[in-house]
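Participant: In the numbering used here, the protein residues as written are 632 to 1180.
For glycine and all other residues, C-beta sits at the position ideal for the given N, C-alpha and C.
All figures in this text were calculated on a predicted structure; none of them were measured in a lab.
Provided herewith is a single structure, encoded as structure tokens, for subsequent inquiry.
Below you can see the structure in the form of structure tokens.
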């Protein structure tokens, strides 16, 4: 009996001191250990997510996001979906009317110039077209506004519009609102019967009220409605609104207007826009609007490689408009040249530092690190002074008789100046990895090779150099990645032929504000760097890159 009980107990799961199974207790301990480790790295993880991953994700989103067209011209883009862009005629009159409404609202919110600047990258001249149209579009609505106001003075005052459109409860709250109180202004509430009777007028008056109350924080009663509200009222009344059955405030004036609108002067929106600018009769303008109406687009990436999006698909831009492919090639070429020059200059310095006595090597290392103690802007500006035709370098060459005084070298505002200045700036990033790797190579290896009959060159090339390759790889990666993204130095000393693609990215971010194109250029540059990193790993092996040890 006792033996059977002992056997049964020994066959069951092993228990911990708290009565749980040993496996469960071990898993719980491992979870706690992982959670503690996660808590330790959580601050760094959050920092990386916020400062590195999130900006890259935002950049990638901006490179395809194109909501500015559909949000600024919602009615126009919807109407253009049914327009045949392959023809030779502009859209029909209803599309021009939609353009009038969208342009009027965008102009009041000051969004039309942003849209024009965005589309100007796709079709030159669109920016000025939108700016000019924004100044003139209000004249179209004023044709109807003047006629309503001439018909009855009721239509001149904002208070009367509030009485006609708003509910009694909203009117009471609006009349009691005081801007000085700091309380939020009561939002407009349209009468249900007016919303059903005058749908277009209600929509436009709501947009007007939202702009006044939210964007300007002004009293709605003190503002006269936009001209577009009057044209919307004309559309509702001519569409056969049954105002005879309405008996609320403003009923008499509304019924009077319904009787009179049949004799009103109308606006030909096609002719009006063409009068503002003949480019509105151009099919190319409307094709551009249609092509870039979707909320997401590949247009930024196409522009980044000198292509454009057309109704027939992507195609190369004219040769005189191609810029970015040349900049990408120039950036890669100059980055490779800068990396190579850093290797040629940095390798002997690293070798000398690694083989000198420690005291002397440490003293010379201070000279290598000395540039880090000086501002990058100061160092670059110094090169600008030194390399100019009347600068120190040319004066020295003339004094030595290397060049004639009337044949001074052009060393600034070109690729040569960029390569010289950036080699000087990035050289420490090559020397430090080389020195740290070379310091670990035992000098006895060279002596052993020489004792076996090798010449100095054979001993270096067959024994020493292969062991220093990891330092070359580490330094090359550092210098190349840093140089491919530099923009301050090329901007100062590069002129027109020595700038990098990063200078164009900076221009679009800070000057032209075309963040979508800047994001696309940055994404392509990131992809190029990752591709080269992958190729380097496949050919050389990233495991062979060392920083010493």
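1. Kindly list the residues whose CB is nearer than 7 Å to the CB of residue 1043, restricted to its own chain and excluding five residues on each side of it in sequence; keep chain order.
2. Roughly how many angstroms separate the alpha carbons of residue 676 and residue 662, rounded to a whole number?
3. Excluding the 5 residues flanking residue 927 on each side, which residues of the same chain have their C-beta closer than 8 Å to its C-beta?
4. For the stretch 920-978, which segments carrying the beta strand (DSSP E) assignment without a break, of at least 3 residues, lie completely within its bounds, in sequence order?
5. Could you give the distance in angstroms between the alpha-carbon of residue 1091 and the alpha-carbon of residue 977?
6. If contact is defined by three or more beta carbon pairs under 8 Å, each pair taking one atom from either stretch, is the stretch 972-991 in contact with the stretch 1048-1067?
7. If you compare alpha carbons, which of 1061, 770, 1126 is closest to residue 1099?
8. So, for residue 836: in the same chain, excluding its five sequence neighbours on each side, which residues have a beta-carbon less than 6 Å away from its beta-carbon?
9. Keeping to the same chain, check which residues put their C-beta closer than 8 Å to that of residue 1181; ignore five residues upstream and five downstream.
10. Grab me the residues of residue 1151's own chain with a C-beta within less than 6 Å of its C-beta, minus the 5 sequence neighbours each way, in chain order.
11. Where do the N-terminal and C-terminal ends of the alpha helix (DSSP H) with residue 1098 fall, by residue?
12. Taking all protein chains shown into account, decide if residue 722 is buried (16 or more other Cβ within 10 angstroms of its Cβ) or exposed.
13. Which word fits residue 772, buried or exposed, when buried means at least 16 other C-beta atoms lie within 10 angstroms of its C-beta?
14. Please classify residue 797: does DSSP put it in a helix, a strand, or coil?
15. Could you name the residues of the same chain whose beta carbon sits closer than 7 Å to that of residue 1134, not counting the 5 residues immediately before and after it, in chain order?
16. Am I right that residue 1093 and residue 1085 are in contact with their C-beta atoms under 8 Å? What's the rounded C-beta distance?
17. Between the Cα of residue 823 and those of 800, 918, 845, spot the shortest distance and give me the residue it belongs to.
18. Nearest by alpha-carbon distance to residue 849: which of 886, 820, 1115, 811 is it?
19. Shortest alpha-carbon distance to residue 744 belongs to which of 1005, 762, 729, 1010?
20. Determine the direct distance from the alpha carbon of residue 668 to that of residue 638, and round the result to whole angstroms.
21. Taking the alpha carbon of residue 739 as the reference point, which residue from 764, 691, 726 has its own alpha carbon closest?
22. What separation, rounded to the nearest whole angstrom, lies between the Cα atoms of residue 665 and residue 1073?
23. Specify, as a first and last residue, the run of the alpha helix (DSSP H) that residue 1083 falls within.
24. Residue 940 and residue 960: beta carbons closer than 7 Å?
25. In chain order, which alpha helix (DSSP H) runs of at least 4 residues are fully inside the stretch 1118-1178?
26. By DSSP, does residue 854 sit in helix, in strand, or in coil?
27. Using 10 angstroms around the beta-carbon of residue 728, count the other beta-carbons present and answer buried if the total reaches 16, otherwise exposed.
28. To the nearest angstrom, how far is the alpha carbon of residue 925 from that of residue 701?
29. Skipping 5 residues on each side, what residues in its chain have a beta carbon closer than 7 Å to that of residue 602?
30. Quick check: what's the CA-CA separation for residue 1048 versus residue 1165?
31. Taking only the alpha-carbon atoms, compute the straight-line gap between residue 1162 and residue 710 and give it to the nearest angstrom.
32. Residue 804 to residue 877, Cα distance in whole Å?
33. With respect to the alpha helix (DSSP H) encompassing residue 718, which residues constitute its N-terminal and C-terminal limits?
34. Looking only at its own chain, which residues have a Cβ that is under 8 Å from the Cβ of residue 915, when we skip the five neighbours before and after it?
35. Go ahead and pull the three-state DSSP assignment for residue 1072.
36. For residue 858 and residue 776, what's the separation of their Cα atoms in angstroms?
Facilitator: Reading from the atomic positions:
1. By 1-based counting over the chain shown, the position of residue 1043 is 412. Cβ within range, chain order: 1015, 1018, 1019, 1124.
2. Along the chain shown, one-based indexing puts residue 676 at 45. Along the chain shown, one-based indexing puts residue 662 at 31. C-alpha separation (whole angstroms): 19 Å.
3. Taking the first residue of the chain shown as 1, we reach residue 927 at position 296. Contacts found: 695, 696, 697.
4. 938-941, 944-947
5. Residue mapping note: residue 1091 aligns to position 460 of the chain shown, counting from 1. Residue mapping note: residue 977 aligns to position 346 of the chain shown, counting from 1. Taking the straight line joining both Cα atoms gives about 16 Å.
6. yes
7. Here residue 1099 refers to the residue found at position 468 when the chain shown is read from its first residue. Closest by alpha carbon: 1061.
8. Here residue 836 corresponds to residue number 205 of the chain shown, with the count starting at 1. For residue 836, where only same-chain residues beyond five positions count, the Cβ hits under 6 Å are 796, 860.
9. Outside the displayed span of the chain (632 to 1180) sits residue 1181, for which this structure offers no information.
10. Reading the chain shown from its first residue, position 520 is the one you call residue 1151. Excluding positions up to five away in sequence, the list reads 694, 931, 932, 935.
11. Position 467 of the chain shown, counted from the start, is the residue given in the question as residue 1098. Element bounds for residue 1098: 1096-1115.
12. To locate residue 722, count along the chain shown from 1; it is residue 91. Residue 722 should be labelled buried.
13. Position 141 of the chain shown, counted from the first residue, corresponds to residue 772. Burial call: buried.
14. In the chain shown, residue 797 corresponds to position 166, counting from 1. Residue 797 falls in the strand class under three-state DSSP.
15. For this step, residue 1134 is matched to residue 503 along the chain shown. Answer for residue 1134: 1118, 1121, 1122, listed in chain order.
16. Here residue 1093 corresponds to residue number 462 of the chain shown, with the count starting at 1. Here residue 1085 corresponds to residue number 454 of the chain shown, with the count starting at 1. The pair is a contact, with the Cβ atoms about 7 Å apart (cut-off 8 Å).
17. Numbered from its first residue, the chain shown carries residue 823 at position 192. If we check each option's Cα against that of residue 823, 800 comes out closest.
18. By 1-based counting over the chain shown, the position of residue 849 is 218. Considering only alpha carbons, the answer is 811.
19. For the purposes of this step, residue 744 is identified with residue 113 of the chain shown, where counting begins at 1. Answer by Cα proximity: 762.
20. Residue mapping note: residue 638 aligns to position 7 of the chain shown, counting from 1. Residue mapping note: residue 668 aligns to position 37 of the chain shown, counting from 1. Caution applies to residue 638, whose pLDDT of 48 falls short of 50 and renders its modelled position unreliable; the model cannot decide the point.
21. Along the chain shown, read from residue 1 onward, the residue named residue 739 stands at position 108. Closest option to residue 739, Cα to Cα, is 764.
22. Reading the chain shown from its first residue, position 34 is the one you call residue 665. Reading the chain shown from its first residue, position 442 is the one you call residue 1073. Whole-angstrom Cα-Cα distance: 41 Å.
23. Numbered from its first residue, the chain shown carries residue 1083 at position 452. Run containing residue 1083: none; DSSP gives neither H nor E here.
24. Taking the first residue of the chain shown as 1, we reach residue 940 at position 309. Taking the first residue of the chain shown as 1, we reach residue 960 at position 329. Result no, Cβ atoms of residue 940 and residue 960 do not sit closer than 7 Å.
25. 1119-1124, 1132-1141, 1146-1170
26. Within the chain shown, numbered from 1, the residue matching residue 854 stands at position 223. Note: residue 854 maps to coil in three-state DSSP.
27. Looking up residue 728 in the chain shown gives position 97. Residue 728 is buried by the Cβ-count criterion.
28. As a position in the chain shown, residue 925 is number 294, starting the count at 1. As a position in the chain shown, residue 701 is number 70, starting the count at 1. Roughly 7 Å separates the two Cα atoms.
29. Because the chain here runs from 632 to 1180, residue 602 falls outside it and cannot be looked at.
30. As a position in the chain shown, residue 1048 is number 417, starting the count at 1. As a position in the chain shown, residue 1165 is number 534, starting the count at 1. Their backbone Cα atoms lie some 31 Å apart in a straight line.
31. In the chain shown, counting from the first residue as 1, residue 1162 sits at position 531. In the chain shown, counting from the first residue as 1, residue 710 sits at position 79. In a straight line, the C-alpha of residue 1162 is about 43 Å away from that of residue 710.
32. By 1-based counting over the chain shown, the position of residue 804 is 173. By 1-based counting over the chain shown, the position of residue 877 is 246. Approximately 24 Å between the Cα atoms of the pair.
33. Taking the first residue of the chain shown as 1, we reach residue 718 at position 87. Note, residue 718: premise wrong, no alpha helix (DSSP H); not H, not E.
34. Taking the first residue of the chain shown as 1, we reach residue 915 at position 284. Excluding positions up to five away in sequence, the list reads 754.
35. Position 441 of the chain shown, counted from the start, is the residue given in the question as residue 1072. It is coil, neither helix nor strand.
36. Numbered from 1 along the chain shown, position 227 holds the residue referred to as residue 858. Numbered from 1 along the chain shown, position 145 holds the residue referred to as residue 776. So the alpha carbons of these two residues sit roughly 6 Å apart.
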